[in-house]
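S.K.: Chains as they are written, first to last, in my numbering: chain A, 1 to 324; chain B, 325 to 648.
Encoded structure:
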């Protein structure tokens, strides 16, 4: 059995119900909107976020209809933010497929994103739990704050580890935290378990984003992004931030300033990538990620259900080892 | 007392509470996001939507905290959709002020719009009423559907009155309908009053949009839009749709086709505007608007509170007579 199958094993049946609910939430009789939503729906990913919701619910007892709706809500919120991010980043592609903006234009992409946000909210409302709606509303705010912080940070002169973690906590980890929290909450978990779940989800999200950022220092056709893509967008991530702290070299700090100013040449970016590796930036980021991974594993060990624990351990491994 | 003052009179105190809540909902400690939100907040409009919420609540008894939150939710939802619409339409201005996208760029504008949507949702959740959240979620979907329908309709060859009303019901009237409905609901109105309120709001919204569309056939520096702006964007509105139905002239139908195809010259647009007036298109749209206005007035007459009835009559007059 491959890793994904092991991860999904304890909630395999529930995932089918989830998928049916997700598909029905995205059906639309209007020809044009229906086609755009259909396009979004067919780009099904690995369902890492819904799986996390369902596993956390399972650990707590059983996956309820509320859990399924929470999972659909969170996946829709995630999808909406991807659609808007591609407009914001002017991306033509996402994981090898044309982005919604490339396919239907920016106008439609902004509106389809809005429609997805509303649909997410509707699914949250249909749980009948105001607490769930409140968490979703706060999450929506946090996700857009994260993106705004990132944009504002590009314009800041200094890159710091603190600002980096502030951004990834908002733009990535908050979503995983909400997945785990709502999984626990929707299955009737007690306050202690819900809080633990939230922390666990945040750790996963931090690992996820650090891994994602490390990818950017290596060329890989499968991911479909060139090396140094983040730097080309003015972003310095954890490996480069660490590397910068290790040196007084004026040329390196000059590259960093030009990258953040959006003025760096491809050659300067390549030099910064090379310097980051030499200075141990990748190793440092890996180490930070492994620390977070270990902290998350320790939480898993305190839970009850063998099958769920096994799945969550594989989930954590998958996040830090993945190649996509 | 001017018309706006008469309209606001029965809820003057409550409007102050509304404004304080609105301002606090848009405060943000982050420097960059805070500045963008501050810019949005300072562009305070005539508060027509919140005033409607409060008046409908007042008619029903008293404006509750839930009413205030519903009013803030709806105004935020409206504001979010304006911010995104300006990105979609690539507008540099809104009512004489620079749009958020012109001021901060498209990237920030998309994210600020998302942030406003989340803030709207949070205020809805804070009412503690799942029914209110559900209405808001549905409304969010309807508003983005309306904009998508409009985009898709531009590409359709034929302009019909039916498609026109379908679009304006979604993109404009649904918001006014929700304002009136949530005003009634938040003040504990019974099912009959809530349904009546919703219908009343929809009538207001239809009048509002027809008036807005009529403006486009006249030049007015105060509105800040050139004559024929809608046509330049490929839109044929009620006056032109009626005018087209009155003629077999090949040249007129050719202009219409070129307008919808986005290929019309300024001269062709000017000729289409002139023809629409000659063929009685403006008079027809005015007549349709007055019919809706009369239907709304008849509803007002069935309500109890003199002061509220008086305010709502002025509200209706203001919508159809306004010059902005």
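Even for Gly, the Cβ is constructed at its ideal location relative to N, Cα and C.
#1: Could you check the C-alpha separation between residue 102 of chain A and residue 93 of chain A for me, to the nearest Å?
#2: Who are the near neighbours of residue 334 of chain B in its chain, counting only those whose CB is closer than 6 Å to its CB and skipping five residues on each side?
#3: What in chain B is Cβ-close to residue 141 of chain A, meaning under 7 Å?
#4: Since residue 292 of chain A and residue 179 of chain A are thought to touch, with beta carbons under 8 Å apart, how far apart are those beta carbons, to the nearest angstrom?
#5: Which residue wins for smallest C-alpha separation from residue 45 of chain A, given the options A:96, A:6, A:27 and A:90?
#6: Count the C-beta pairs between the region 238-245 of chain A and the region 264-282 of chain A that are closer than 8 Å, then say yes if the count reaches three, no if not.
#7: At the level of alpha carbons, what is the spacing between residue 119 of chain A and residue 550 of chain B?
#8: Just to confirm, are residue 125 of chain A and residue 457 of chain B a CB contact at a threshold of 8 Å?
#9: For residue 628 of chain B, count neighbouring Cβ atoms within 10 angstroms of its own Cβ and tell me buried if that reaches 16, exposed if not.
#10: Could you list which residues in chain A have their beta carbon closer than 9 Å to that of residue 454 of chain B, in chain order?
#11: So, with DSSP's three-state summary, where would you put residue 367 of chain B?
#12: Output, in chain order, the set of chain A residues within a Cβ distance shorter than 7 Å of residue 461 of chain B.
#13: Measure the C-alpha to C-alpha separation of residue 454 of chain B and residue 339 of chain B and round it to an integer number of angstroms.
#14: Our contact map puts residue 375 of chain B next to residue 332 of chain B with C-beta atoms below 8 Å; I'd like the distance itself, whole angstroms only.
#15: Quick one: grab the DSSP three-state call for residue 646 of chain B.
#16: Within 8 Å of any Cβ in chain B, is that where the Cβ of residue 216 of chain A sits?
#17: Is residue 170 of chain A closer than 8 Å to residue 200 of chain A when the C-beta atoms are compared?
#18: Pick helix, strand or coil for residue 263 of chain A, following the three-state DSSP scheme.
#19: Using a Cβ-Cβ cut-off of less than 9 Å, list which residues of the region 337-363 of chain B approach chain A; keep chain order.
#20: Check the Cβ-Cβ distances between residue 170 of chain A and every residue of chain B, and say whether any is below 8 Å.
#21: Can you tell me whether residue 582 of chain B is helix, strand or coil according to DSSP?
#22: When you compare each of B:326, B:438 and B:580 to residue 361 of chain B by their alpha carbons, which one comes out closest?
#23: Return the residue from the list B:521, B:597 and B:527 that minimises the CA-CA distance to residue 661 of chain B.
#24: I believe residue 500 of chain B touches residue 373 of chain B by the beta-carbon criterion, under 8 Å. Please report the beta-carbon distance rounded to the nearest angstrom.
#25: Could you spell out where the alpha helix (DSSP H) holding residue 408 of chain B opens and where it closes?
#26: Classify residue 275 of chain A as buried or exposed, calling it buried when 16 or more other Cβ atoms lie within 10 Å of its own Cβ.
#27: Return the chain-ordered ranges of every alpha helix (DSSP H) run that is complete within the region 85-118 of chain A and spans a minimum of 4 residues.
#28: How far does the alpha helix (DSSP H) with residue 186 of chain A in it extend, from its first residue to its last?
#29: Report the option in A:80, A:269, A:152 and A:71 whose CA atom is closest to the CA atom of residue 183 of chain A.
#30: Which word fits residue 146 of chain A, buried or exposed, when buried means at least 16 other C-beta atoms lie within 10 angstroms of its C-beta?
#31: Suppose you measure from the CA of residue 414 of chain B to the CA of residue 189 of chain A; what does that come to, to the nearest Å?
#32: Compile a chain-ordered list of the residues in the region 384-412 of chain B whose CB is closer than 7 Å to at least one CB of chain A.
#33: Which word fits residue 107 of chain A, buried or exposed, when buried means at least 16 other C-beta atoms lie within 10 angstroms of its C-beta?
#34: Taking the C-alpha atoms as reference points, what is the distance between residue 533 of chain B and residue 407 of chain B?
#35: Let me know the secondary structure DSSP gives residue 333 of chain B once reduced to three states.
M.R.: Per the coordinate set shown:
#1: 7 Å
#2: 382, 631, 632 and 635
#3: 439, 442, 443 and 446
#4: About 16 Å separates the two Cβ atoms, so there is no contact after all.
#5: A:96
#6: yes
#7: 36 Å
#8: yes
#9: exposed
#10: 125, 126, 127, 128, 129, 130 and 133
#11: coil
#12: 118, 121, 122 and 125
#13: 24 Å
#14: 6 Å
#15: coil
#16: no
#17: no
#18: coil
#19: 352, 354, 355, 356, 357 and 360
#20: no
#21: helix
#22: B:438
#23: Since the displayed chain B opens at 325 and closes at 648, residue 661 of chain B lies outside it and no answer follows.
#24: 7 Å
#25: 389-412
#26: buried
#27: 100-104
#28: 174-186
#29: A:71
#30: buried
#31: 47 Å
#32: 408, 411 and 412
#33: buried
#34: 18 Å
#35: helix
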